[in-house]
Amino acid sequence: MDRESSTFGLGSDRLAQLFGIGGDEPPAQSSASESDKKAELLHDILAEAVPLFDSIQDKPDDFKQTIDALSGESVGKLLLDPETNIALIRKIKDYARRLSGRAESQARRYVSNTIYYGAIANALVFHEVLITKFSKAELAESFQKLTNQQWIPEYLGCLFEEGLRRCQKT
Amino acid sequence: MHKGQQNTEMGGARGSFPTTLWSEIGRSKTGDQANRMTLENNLLQRYWKPVYCYLRRKGYKNEVAKDLTQGFFHEIVLGYELIQKADQTKGRFRTYLLTALDRYIISIHRKETAKKRLPSGGIARLDTDSFPNIPAVEPKRSPEHAFHYTWAANILDRVLDELKDEYCSTGRPTHWAVFHDRILMPIFDNTAETSLSDICQEYGIETQKKAANMVITVKRRFASVLRRVLRQSVQSDDEVEEEIREFIQILSNGGAA
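Chains as they are written, first to last, in my numbering: chain V, 8 to 177; chain R, 467 to 723.
In structure tokens form, the structure reads like this:
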């Protein structure tokens, strides 16, 4: 069976039981594999909004444009949206680079780099703009590696595949 | 709960700036149309159902409760009276909303019927076909309980949907299936939990220990996602823990917060 129905309609005690799952003490040692950790971490960052203050540099001209574009959208949604403003895509790339630079674990570094390349792929696929100094051959190699990672969600994998195709065309 | 992890790798990105309801409210006060629309959509998504269920439990007939819900959102919430006065130092938004709703009902009674106050045709954004039926399982609960119950069910649905999507979209559907059969199904169907040996057989898992680890992994993830979702409507990580404790208490005892 599958959980197709809503929790709405269950008895209050059952909802309390579900909340209880979240309140349980977890094991001190996480049993999650490295791959699981990366998948979870990536999912969390993609679900969050682009940090407002982190992304606004000391460029007054850019300020209003960035504020308008942010509007609380998640990183994941912005990366997959063809309409996302290219200035904001650059901000996401910069943000990911900063995350990577201050990463305290390898998993976090991998995940930050994935978002970094996600921004580059968005610019390439939806805006036909190269926002990096990497050559297309170098990018193709990176996109290829990323498409093979199981911990990357399918929708982001599709973006990398399309990015790969664009790099290979030229 | 693994509080340390919550603030680092597993529970949300350190150094990032997750969107919370209060930050959305703050941004909407600047008058920017995009920010305002984001806030309106989120408020409707999160709160219209609890408001409607609260009114039904107060004894209002279905059509009146619908009208009052629409009127409340149209005039008070989206009309910005509520937002402009919202102050995060004065407590939780959920409680603030409920107080405003009570005041609205009193004002409506003063001015006789709800219908006289409503704009002709109501407002389009509430899908009136999707108004829920009040759960029949708990007819004696208070209106406040109905409000909190509905809000809690919304939160849990979001968490479970997100969790399922996450595991299925990252090539780990078996993790989700094991968690579902072992943890969720007994709660949803009120049945005994499925044995690990049956689960191993069903999904071709080599050992029971491996299946048990899968359950722990998804439970831990459930806890993490629940906290992230709850964090969007409170001011601090500590309040998230309070919310969880409070909801378990409200839902277990049937009392009103």
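Beta carbons: idealized from backbone N, C-alpha and C, even for Gly.
Being a predicted model, the structure only gives us computed values, none of them experimental.
C-beta atoms of residue i and residue j nearer than 8 angstroms
{"i": "leucine 131 of chain V", "j": "glycine 170 of chain V", "result": "yes"}
{"i": "isoleucine 665 of chain R", "j": "arginine 648 of chain R", "result": "yes"}
{"i": "isoleucine 122 of chain V", "j": "alanine 103 of chain V", "result": "yes"}
{"i": "leucine 86 of chain V", "j": "glycine 125 of chain V", "result": "yes"}
{"i": "lysine 45 of chain V", "j": "alanine 128 of chain V", "result": "no"}
{"i": "valine 706 of chain R", "j": "arginine 697 of chain R", "result": "yes"}
{"i": "arginine 97 of chain V", "j": "isoleucine 159 of chain V", "result": "no"}
{"i": "glutamate 490 of chain R", "j": "leucine 544 of chain R", "result": "no"}
Start-to-end residues for the alpha helix (DSSP H) that takes in residue i
{"i": "isoleucine 572 of chain R", "result": "559-576"}
{"i": "isoleucine 127 of chain V", "result": "113-133"}
{"i": "threonine 640 of chain R", "result": "639-645"}
{"i": "valine 625 of chain R", "result": "609-635"}
{"i": "asparagine 508 of chain R", "result": "499-523"}
{"i": "arginine 648 of chain R", "result": "Neither: arginine 648 of chain R is in no alpha helix (DSSP H) and is coded neither H nor E."}
{"i": "threonine 683 of chain R", "result": "674-697"}
{"i": "glycine 170 of chain V", "result": "161-176"}
{"i": "phenylalanine 713 of chain R", "result": "703-719"}
{"i": "glycine 537 of chain R", "result": "528-537"}
{"i": "threonine 154 of chain V", "result": "143-154"}
Local Cβ density within 10 Å of residue i, reported as buried at 16 or more and exposed below that
{"i": "glutamine 536 of chain R", "result": "buried"}
{"i": "glycine 164 of chain V", "result": "buried"}
{"i": "glutamate 135 of chain V", "result": "exposed"}
{"i": "phenylalanine 60 of chain V", "result": "A caution first: phenylalanine 60 of chain V carries a pLDDT of 45, below 50, which makes its placement in the model unreliable, though a value can still be read off. Classification of phenylalanine 60 of chain V: exposed, given that the 10 Å Cβ count is below 16."}
{"i": "threonine 673 of chain R", "result": "exposed"}
{"i": "glutamine 64 of chain V", "result": "In this predicted model, glutamine 64 of chain V has a pLDDT of only 45, less than 50, meaning its place in the structure is not dependable; the value taken from the coordinates is given anyway. Glutamine 64 of chain V is exposed by the Cβ-count criterion."}
{"i": "threonine 504 of chain R", "result": "buried"}
{"i": "proline 89 of chain V", "result": "exposed"}
{"i": "threonine 683 of chain R", "result": "buried"}
{"i": "lysine 515 of chain R", "result": "buried"}
{"i": "histidine 456 of chain R", "result": "No statement about residue 456 of chain R is possible, as the shown extent of chain R runs from 467 to 723 and does not include it."}
{"i": "alanine 658 of chain R", "result": "exposed"}
{"i": "asparagine 501 of chain R", "result": "buried"}
{"i": "glycine 557 of chain R", "result": "exposed"}
{"i": "glutamate 541 of chain R", "result": "buried"}
{"i": "glutamate 41 of chain V", "result": "exposed"}
{"i": "histidine 575 of chain R", "result": "exposed"}
{"i": "tyrosine 162 of chain V", "result": "exposed"}
{"i": "alanine 590 of chain R", "result": "Its pLDDT being 39, under 50, alanine 590 of chain R is placed unreliably by the model, and the measurement read from it follows with that caveat. Burial call: exposed."}
Within chain V, partners of residue i - CB distance below 9 angstroms
{"i": "aspartate 623 of chain R", "result": "Ser13, Thr14 and Phe15"}
{"i": "isoleucine 491 of chain R", "result": "Ordered by position in chain V, no residue passes the 9 angstroms Cβ test against isoleucine 491 of chain R, which lies about 11 angstroms from the chain."}
Residue(s) in a DSSP beta bridge with residue i
{"i": "leucine 17 of chain V", "result": "V:Phe15"}
Contact set between residue i and chain V, taken where Cβ atoms lie within less than 8 angstroms
{"i": "serine 699 of chain R", "result": "Neighbours of serine 699 of chain R on chain V: none; closest Cβ ~14 angstroms, over 8 angstroms."}
Chain R residues whose Cβ lies nearer than 8 angstroms to that of residue i
{"i": "arginine 21 of chain V", "result": "Ile653, Phe654 and Asn656"}
{"i": "tyrosine 162 of chain V", "result": "Ser635"}
{"i": "histidine 50 of chain V", "result": "Glu632 and Thr636"}
Closer than 7 angstroms at the beta carbon, the chain V residues around residue i
{"i": "phenylalanine 713 of chain R", "result": "Phe26"}
Proximity test, residue i beta-carbon vs the ligand ZN heavy atom, cut-off 7 angstroms
{"i": "glutamate 672 of chain R", "result": "In the structure on display, the ligand ZN does not appear, and there are no ligands present to speak of."}
Listed by chain order, chain R residues near residue i by CB distance under 9 angstroms
{"i": "glutamine 157 of chain V", "result": "Thr636, Gly637 and Arg638"}
Practice task
Taking a Cβ distance cut-off of 9 angstroms, strictly less, list which residues of the segment 89-105 of chain V are near chain A, in chain order.
Solution key: Absent here is chain A; the protein component of the structure consists of chains V and R.
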